[in-house]
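Residue numbers (our numbering): 2 to 339.
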């Protein structure tokens, strides 16, 4: 029996050696597949897909409270942060000086990277210089593409607001519109001014600006309604954010107007409204992508000194979304990524 056991042991050792050789022989491909599988599994479980240091990145935007657009931006940023092993912080204030103070607070905390918006560039110029002096890399998103490089940012991610406006003017002309109202809900926001200016540049009809207080939705609705009642020739209302499109629809109804309502930005309500023909079209700048790419590019810079754009903005829009596109995008808006 001892002899039998000895031969059995020798056979087991030989088999182990063969298996070991087989595994070693395919490690160049099998190892990669295993690593890819590990990364995929980690992402699915909300774990980092990299083993780089746990850097801290902070995003500070000009968002007001309850703006669903910025929820989508954050969704993208947080997903990238999980993948890149980043501790992600977020703060916002729609008052420019307060936004600048928030940025300075993160500079003082010596974060490893900053993501900021430049809706009101003059107020942000000083803290951008402070970040550069402190050696903190900055990426700008959404607004301030013209000032981004001048202020020392690595790159800007978003749509060119004037180009987006020009796309709107072209679409209105194609639709045979004659008189449009461009509703600006945040005075002093350079991006908003650029959108309406771009639309006016390419629109073959007449375009007028209307300034409203975007923090007061009843005021927005009343302002649009009063304008529609005073001028029945207005056949289009353009809002500069998805939450304001619904106010425009209500104002249109109250005024007995037949004007088409079009809007910048996309969310679930707008996608459904496009399907129902409540809205004519929407301009999508892909906010999820803005947040995701900002975090990812900061990580790439910290890890590998990579910079995208070559000094020019990395464009995420505009994309004109109509009734025929809305159905395919609805599921993404429902999960908060479009």
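Positions of the beta carbon are idealized from the N, C-alpha and C atoms, including for glycine.
Check, Outcome
"Using the C-alpha atoms, what's the distance from residue 223 back to residue 57?", "44 Å"
"If you compare alpha carbons, which of 119, 256, 129 and 296 is closest to residue 193?", "119"
"If we call anything under 8 Å between Cβ atoms a contact, is residue 160 one with residue 312?", "no"
"In this structure, does DSSP put residue 92 in helix, strand or coil?", "strand"
"What's the C-alpha gap between residue 217 and residue 72?", "20 Å"
"What three-state label does DSSP hand residue 280 in the structure shown?", "coil"
"Pick helix, strand or coil for residue 117, following the three-state DSSP scheme.", "strand"
"Find out if the Cβ-Cβ distance for the pair residue 181, residue 206 is shorter than 8 Å.", "yes"
"Could you compute how far the alpha carbon of residue 337 sits from the alpha carbon of residue 80?", "12 Å"
"Would DSSP call residue 163 helix, strand or coil?", "helix"
"Rounding to the nearest angstrom, what Cα-Cα distance links residue 153 and residue 137 in this structure?", "10 Å"
"Please return the same chain residues whose Cβ sits closer than 7 Å to the Cβ of residue 70, not counting the five positions on each side in sequence.", "242, 243, 266 and 288"
"For the beta strand (DSSP E) that contains residue 320, what are its first and last residues?", "320-322"
"Under 8 Å, do residue 140 and residue 300 count as touching if we go by C-beta distance?", "no"
"Count the CB pairs spanning the segment 173-187 and the segment 197-205 that are closer than 8 Å, and state whether there are at least three.", "yes"
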